[in-house]
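What follows is a single structure, written as structure tokens, with notes after it.
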Amino acid sequence: DAGVTQSPTHLIKTRGQQVTLRCSPKSGHDTVSWYQQALGQGPQFIFQYYEEEERQRGNFPDRFSGHQFPNYSSELNVNALLLGDSALYLCASSSKRTGQVNTEAFFGQGTRLTVV
Amino acid sequence: GQSLEQPSEVTAVEGAIVQINCTYQTSGFYGLSWYQQHDGGAPTFLSYNALDGLEETGRFSSFLSRSDSYGYLLLQELQMKDSASYFCAVPSAGGGNKLTFGTGTQLKVEL
Chain Y
205 DAGVTQSPTH LIKTRGQQVT LRCSPKSGHD TVSWYQQALG QGPQFIFQYY
255 EEEERQRGNF PDRFSGHQFP NYSSELNVNA LLLGDSALYL CASSSKRTGQ
305 VNTEAFFGQG TRLTVV
Chain L
16 GQSLEQPSEV TAVEGAIVQI NCTYQTSGFY GLSWYQQHDG GAPTFLSYNA
66 LDGLEETGRF SSFLSRSDSY GYLLLQELQM KDSASYFCAV PSAGGGNKLT
116 FGTGTQLKVE L
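As you go down the protein sequences, you meet chains Y and L in turn.
So the first sequence is numbered by the working numbering: it starts at 205 and just counts up by one.
So the second sequence is numbered by the working numbering: it starts at 16 and just counts up by one.
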């Protein structure tokens with residue numbers, strides 16, 4: 205089991221550009237969440253995808269969008285990049301069970317995005 | 016809103032015991048999780064407390080007091096490899112993997 209995999213590992217973009225980050229969940233998982241982690245801070249929830257739909261969203265602007273594919277993999281898109289978008293972007297997967305609060309999320313190694 | 020506060024940094028010597036505290040304010044509480052993150056690495060799950068009391072997993076233990084909105088992670092027999100950032104986190108009612116993380120505590124283990 206490869207666990208949660210993310211690509212690319214590192215990325216440098218210019219302010220104003222657009223970026224797409226990818227995530228493959230752990231085998232057997234159907235729910236994917238994306239997090240932004242600035243240096244020295246805790247991860248901040250961006251949004252969650254389940255059954256190919258955005259289910260929950262954190263306090264992030266519409267420049268942040270996503271998609272989930274039938275195989276449960278997911279993409280995070282960020283438009284009109286700002287310098288402040290420089291961060292580690294983490295993907296987490298789990299298996300969603302209705303009415304239960306999952307106790308463990310499995311995280312990928314993340315994509316380090318630098319906006320210059 | 017939700018907020019979780021932790022000390023920013025803790026230093027201890029190898030072989031010692033260290034406690035990392037977490038106080039929280041949440042709307043709707045379902046339990047407290049702890050994650051470890053080494054520099055440049057992925058957060059990894061350590062423990063979860065849904066009920067009051069102490070949960071022990073090897074050298075690590077986690078405690079929760081719901082009435083005090085307080086929990087802690089206890090690391091025993093510290094090893095150099097325990098040097099990392101530790102985050103408390105609360106899951107949301109929606110389930111899945113939506114977590115609100117604390118401010119994080121950087122643990123430095125010295126010889």
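The C-beta atom is built at its ideal place from N, Cα and C for all residues, glycine as well.
Bear in mind that the values here come from a model prediction, so they are computed numbers and not experimental data.
9 Å Cβ cut-off: residues of chain L touching residue i
i, result
"Y/GLU308", "SER48, PHE60, TYR63 and ASN112"
"Y/GLN272", "Going along chain L, no residue has its Cβ under 9 Å from Y/GLN272, so there is no contact; the nearest lies around 12 Å."
Where residue i meets chain Y, residues with beta-carbon distance less than 8 Å
i, result
"L/ALA57", "VAL208, LEU294, PHE311, GLY312, GLN313 and GLY314"
"L/GLY139", "The shown model of chain L, from 16 to 126, leaves out residue 139 of chain L, and the question about it has no answer."
CA-to-CA distance, residue j to residue i, given in whole angstroms
i, j, result
"L/GLN34", "Y/ASP266", "40 Å"
"Y/THR235", "L/LEU47", "20 Å"
"L/MET95", "Y/GLU256", "42 Å"
"L/VAL124", "L/LEU93", "7 Å"
"Y/PHE310", "Y/THR218", "30 Å"
"L/ASP83", "L/GLU20", "13 Å"
"L/TYR50", "Y/ALA206", "20 Å"
"Y/VAL208", "Y/SER298", "10 Å"
"Y/PRO229", "Y/PHE251", "15 Å"
"Y/GLY270", "L/TYR45", "27 Å"
Contacts of residue i in chain L (Cβ-Cβ under 8 Å)
i, result
"Y/PRO247", "PRO58, PHE102, LEU114 and PHE116"
Segment limits, beta strand (DSSP E) that includes residue i
i, result
"L/GLU125", "120 to 125"
"L/PRO58", "No beta strand (DSSP E) contains L/PRO58, which DSSP labels as neither H nor E."
"Y/PHE249", "248 to 254"
"L/LEU79", "75 to 80"
"Y/ASN281", "278 to 282"
"L/PHE102", "99 to 106"
"Y/ARG226", "223 to 228"
"Y/ALA242", "Where Y/ALA242 is concerned, there is no enclosing beta strand (DSSP E), given that its DSSP letter is neither H nor E."
"L/LEU89", "85 to 90"
Integer-rounded CB distance, given that residue j should sit under 8 Å from residue i
i, j, result
"L/SER10", "L/LEU122", "No answer is possible for residue 10 of chain L: it lies beyond the span of chain L, which begins at 16 and ends at 126."
Exercise. Closer than 7 Å, Cβ to Cβ, to anything on chain L: give me those residues from the region 221 to 242 of chain Y, in chain order.
Key: THR235 and SER237
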